[in-house]
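Below you'll find the structure, written out as structure tokens, and then a few comments.
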Amino acid sequence: MAEITFLEAIREGIAEEMERDPSVFLLGEDIGGFGGAFKVTEGLQARFGEKRVIDTPISEAGIVGAAAGAAHYGMRPVVEMQFIDFISCAYDMLTNYVATARYRAFLPCPMVVRGPSGGYVRGGPFHSQNPEAAFLHTPGLKIAYPATAEDAKGLIKSAIRDADPVLFFEHKYLYRRIKGTMPAGDHLVPFGKARVAREGKDLTIVTYAATVWKALEAAEQLAAEDGLSVEVLDLRTLLPMDHEAIVASVKKTNRVLIVHEDTVTGGVAGEITAQISERCFEWLDAPIRRVAAHDVPLPYAPPLEDFVLPQTSDIVRASRWLAAY
Amino acid sequence: MAEPSVTADHAPPDGLTREQLLALYRWMRLTRTLEERLVALYRQTKVVGGLFRSLGQEACAVGSAFALERRDVLSPLIRNLGSMLVKGATPVEILRQYMAKGDSPTRGRELNIHFGDVEERHFVGQISHLGDMVPVMAGVTLTFKLREEDRVGLVYVGDGATSTGAFHEGINFAAVQRCPLIVVVENNGYAYSTPTCRQTAAAQFVDKAIGYGIPGVRCDGNDILEVYRVTRDAVARARSGGGVTLLELLTYRRKGHAEHDNQSYVAPGEIEHWAATNDPIDRYIVRLTNEFGFTPAELADVDADVAREVDTATDVAEQSPACDGPDALVGVYADPPRMPSLWFRDGVGSAVDAHERPAGWGTHDG
Chain B
943 MAEITFLEAI REGIAEEMER DPSVFLLGED IGGFGGAFKV TEGLQARFGE KRVIDTPISE
1003 AGIVGAAAGA AHYGMRPVVE MQFIDFISCA YDMLTNYVAT ARYRAFLPCP MVVRGPSGGY
1063 VRGGPFHSQN PEAAFLHTPG LKIAYPATAE DAKGLIKSAI RDADPVLFFE HKYLYRRIKG
1123 TMPAGDHLVP FGKARVAREG KDLTIVTYAA TVWKALEAAE QLAAEDGLSV EVLDLRTLLP
1183 MDHEAIVASV KKTNRVLIVH EDTVTGGVAG EITAQISERC FEWLDAPIRR VAAHDVPLPY
1243 APPLEDFVLP QTSDIVRASR WLAAY
Chain U
2 MAEPSVTADH APPDGLTREQ LLALYRWMRL TRTLEERLVA LYRQTKVVGG LFRSLGQEAC
62 AVGSAFALER RDVLSPLIRN LGSMLVKGAT PVEILRQYMA KGDSPTRGRE LNIHFGDVEE
122 RHFVGQISHL GDMVPVMAGV TLTFKLREED RVGLVYVGDG ATSTGAFHEG INFAAVQRCP
182 LIVVVENNGY AYSTPTCRQT AAAQFVDKAI GYGIPGVRCD GNDILEVYRV TRDAVARARS
242 GGGVTLLELL TYRRKGHAEH DNQSYVAPGE IEHWAATNDP IDRYIVRLTN EFGFTPAELA
302 DVDADVAREV DTATDVAEQS PACDGPDALV GVYADPPRMP SLWFRDGVGS AVDAHERPAG
362 WGTHDG
């Protein structure tokens, strides 16, 4: 089978679900004839019609609310945020309405909100954000953030079939850089199951999304230059989070580095750190360390963005510190 | 605020039978009697949290909901208890909900009339964030349009909610999509303590319809037959593919935002004026007896019947069980991961596992 890009994998996953289930439909800004700002939905309106690929006004709260209403009555809407940065406009709808619908009112709310996220592409403060931590604290939501093309397809298909609302973050740095060969058949990746991206025994790097690739690069370099055996754990989904896999890996390597692209304060790594402290403190031979972005809005100029975001060299340096501890 | 001019003619809207004319009276009377009972229970501290009344606004909720079919969907606000009763909510459900009973419609997770039923009676419970239900009902009605189902939706907002972004986004999207939606702005003069003149610079809320490219109709919200008539016309328009209608119902909030609100911000005499001259039930009684030939005895029978119904419902609701703590842990997800036990709460995890889920939980997935 031919390789396809991360972006094409998402499109293929959406198209397969639209083919399979007539209640799946898409809502978003410029997603119809134009095919979306990144062309994720290109060709889908021509294939499935205007009733199933709906161009909306610029109204993130409106379309997320509308998706919820449609989901209550048996539809499976998939909403595109043109850039995931704009999800903040729908924060109220997502956290107060969508996330609580099942719990407080027994309202089914099977819907997906997806969109391009992340930096490393010189997008500036409003086209580079990683808002996952803002929603990690919201019971009722699920969060997927794939790193590979295979997972992007398998997770978007699982997200669309999920009975609960899912936020699906697509790292735009990976859209056209990463390729994969899709498994044959109905390829689903379950939520809450981390992936061991690289086996190792000296140190665990827990990460997700674009920094999985930077961690793998670092592991390669550490093996070659230091003889270190680094395990890289790709979380795939943050809600639910595979704490068992994290604990198992930490018990094996006894040293852990958590890497994410989002800013460090209040980030996902803090929660993972707490879980490790509570569940397997006795297995640690070194402090838990984090590599994440500086606590600033993400700047535009290449030297500034490179400085703020975590780089492979940062991961290598932190790993060496941990290994030597 | 100015009193609306009465514009209704003196004939019941086409198609209303004597039974329906009496039913409209009954729903308004039930709304008021039930809320008066809730006040008594509130004073006995049996109501958990706040109490929100619709005194003087009963015609808005009842008249508009009466124009819907059972298959149609409505999303009420706290001052639309009457609409929920019309749509099939029972007094015992309302009482259990206000008393936070274990067998209340939301099993104690939510308050007052914040509950829904998308399977049988078709109301979608509101949340406290004003305006949010407009986009949600846009989505509900978009679904009906996409599936070519002969159903419409009706969403209530107050004058205050019209200032929110969600109101604008929802109505704009629904208008563009020509969703079969009726947006009812219940203009009762106040949003908590803020009068209409500090809510909007528009002369009237119905003017906003022009900006969305949809029809807007303003009417006397304390004339139940007029409310019924304009809603029925909007429903017919929505059903025939005519899209969204904005209705502005002029009414007046005679109680505070909630029972605890002393209404210190209201001009002296204003409430008394509305109570004396523009009560929707009093006005309807005049029409029922003078124009439609009902006798005072017929109406008194309805009153007595409603009082008995509320008495019985109160007895049942008071005997309902309280909520059980660990119930709080189930139902966040359709297929939940096991709730992690908090280390300082030994045994809670197993208590949840052992906890029997009430019948019907997790069965609402279509």
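First to last, the protein sequences are chains B and U.
Residue numbering for the first sequence follows the numbering used here, beginning at 943 and increasing consecutively.
Residue numbering for the second sequence follows the numbering used here, beginning at 2 and increasing consecutively.
C-beta atoms are modelled at their ideal positions from N, C-alpha and C, and glycine is treated no differently.
This structure is a prediction, so every number in the text was calculated from the model and none was measured.
Give me, in chain order, the residues of the same chain whose beta-carbon lies closer than 6 Å to that of T1037 of chain B; leave out the 5 immediate sequence neighbours on both sides. T1080
Kindly indicate if chain B contains any beta-carbon less than 9 Å away from that of R110 of chain U. yes
Whole-angstrom distance between V125 of chain U and P1182 of chain B, CA atom to CA atom: 28 Å
Hey, could you find the ends of the alpha helix (DSSP H) H1113 of chain B is sitting in? From DSSP, H1113 of chain B is part of no alpha helix (DSSP H) but of the beta strand (DSSP E) over 1108-1113.
Buried versus exposed call for C61 of chain U [16 or more other C-beta atoms within 10 Å across all chains shown]: buried
Can you tell me which of the three DSSP states F1133 of chain B falls into? coil
Identity of the residue in U:E260, U:G166, U:E273 nearest I1000 of chain B by Cα: U:G166
What in chain B is Cβ-close to F174 of chain U, meaning under 8 Å? Within chain B, the residues T998, P999, S1001, G1004, I1005, A1008 have their CB atoms less than 8 Å from the CB of F174 of chain U, given in chain order.
Proximity of V245 of chain U and R148 of chain U at Cβ, strictly below 9 Å: no
For H1129 of chain B, decide whether its Cβ has a neighbour in chain U, counting only Cβ atoms nearer than 9 Å. no
Can you check whether the C-beta of D133 of chain U is within less than 9 Å of a C-beta belonging to chain B? yes
May I ask whether a heavy atom of the ligand NAP can be found less than 8 Å away from the beta carbon of F1025 of chain B? Only the bare structure without any ligand can be found here, which leaves the ligand NAP out of the picture.
Is it true that the CB of V1054 of chain B sits closer than 9 Å to the CB of P1088 of chain B? Contact flag unset, no.
Quick one: what's got a C-beta closer than 6 Å to I172 of chain U's C-beta in the same chain, skipping five residues either side? So the qualifying residues of the chain are V135, V184, Y213.
What is the DSSP secondary structure of F174 of chain U, counted as helix, strand or coil? Looking at F174 of chain U - three-state DSSP - the assignment turns out to be helix.
With distances taken Cα to Cα, identify the nearest neighbour of G154 of chain U among U:S84, U:S194, U:C220. U:S84
Mind pulling the chain B residues with CB within less than 7 Å of E170 of chain U? S1001, A1003, G1004
Please report the distance separating the alpha-carbon of D306 of chain U from that of V236 of chain U. 31 Å
Which first and last residues belong to the beta strand (DSSP E) in which S217 of chain U is found? It should be noted that the sequence gives Gly, not Ser, for residue 217 of chain U. Taken as a continuous stretch (DSSP letters only), the beta strand (DSSP E) holding G217 of chain U covers 217-221.
Using only alpha-carbon positions, find the residue among B:E1173, B:V966, B:N1072, B:S1255 that is nearest to F990 of chain B. Just measuring C-alpha positions, the residue of B:E1173, B:V966, B:N1072, B:S1255 sitting nearest F990 of chain B is B:V966.
Are L1175 of chain B and I1147 of chain B touching if we call contact CB-CB under 9 Å? L1175 of chain B places its beta carbon less than 9 Å from that of I1147 of chain B.
Closest by CA to A1043 of chain B, which one among U:V87, U:Y266, U:M100, U:D118? Comparing alpha-carbon positions, the option among U:V87, U:Y266, U:M100, U:D118 lying closest to A1043 of chain B turns out to be U:D118.
Spell out a yes or no on whether the segment 252-261 of chain U and the segment 63-78 of chain U are touching, meaning 3 or more CB-CB pairs, one atom from each, closer than 8 Å. no
Thinking C-alpha only, which one of B:A1032, B:R1262, B:P1050 is nearest E1167 of chain B? By alpha-carbon distance to E1167 of chain B, the top candidate from B:A1032, B:R1262, B:P1050 is B:R1262.
Chain-order list of residues whose beta-carbon lies under 6 Å from that of L42 of chain U (same chain, five-residue window excluded): Cβ contact annotation for L42 of chain U (same chain, cutoff 6 Å, sequence separation greater than five): V48, in chain order.
Please classify I211 of chain U as buried or exposed, where buried requires at least 16 neighbouring CB atoms within 10 angstroms. exposed
Range of the contiguous beta strand (DSSP E) that encloses T278 of chain U: Looking at the DSSP string, T278 of chain U is not in any beta strand (DSSP E); the run it does join, the alpha helix (DSSP H), is 271-278.
Helix or strand or just coil, what does DSSP make of Y266 of chain U? coil
Would you identify the three-state DSSP class for H1185 of chain B, choosing helix, strand or coil? helix
Neighbourhood of V228 of chain U by C-beta distance below 7 Å, restricted to the same chain and skipping five residues each side: A60, C61, G64, S65, C220, G222, L250
Helix, strand or coil at D972 of chain B [DSSP, three-state]: coil
Does the Cβ of A277 of chain U have 16 or more other Cβ atoms within 10 Å, making it buried, or fewer, making it exposed? The residue in question, A277 of chain U, is exposed, as its Cβ has fewer than 16 Cβ neighbours within 10 Å.
Measuring only the C-alpha atoms, how far is F948 of chain B from P1125 of chain B? Cα to Cα, F948 of chain B sits roughly 14 Å from P1125 of chain B.
Going by C-alpha distance, which of U:Q205, U:L75, U:T144, U:E271 is nearest I114 of chain U? U:L75
Closer than 8 Å, Cβ to Cβ, to anything on chain U: give me those residues from the segment 1164-1176 of chain B, in chain order. Listed by position along the chain: nothing, the set is empty.
Where in the segment 274-326 of chain U do unbroken runs of the alpha helix (DSSP H), each at least 4 residues long, occur, reported from the N-terminal end onward? 281-291, 297-319
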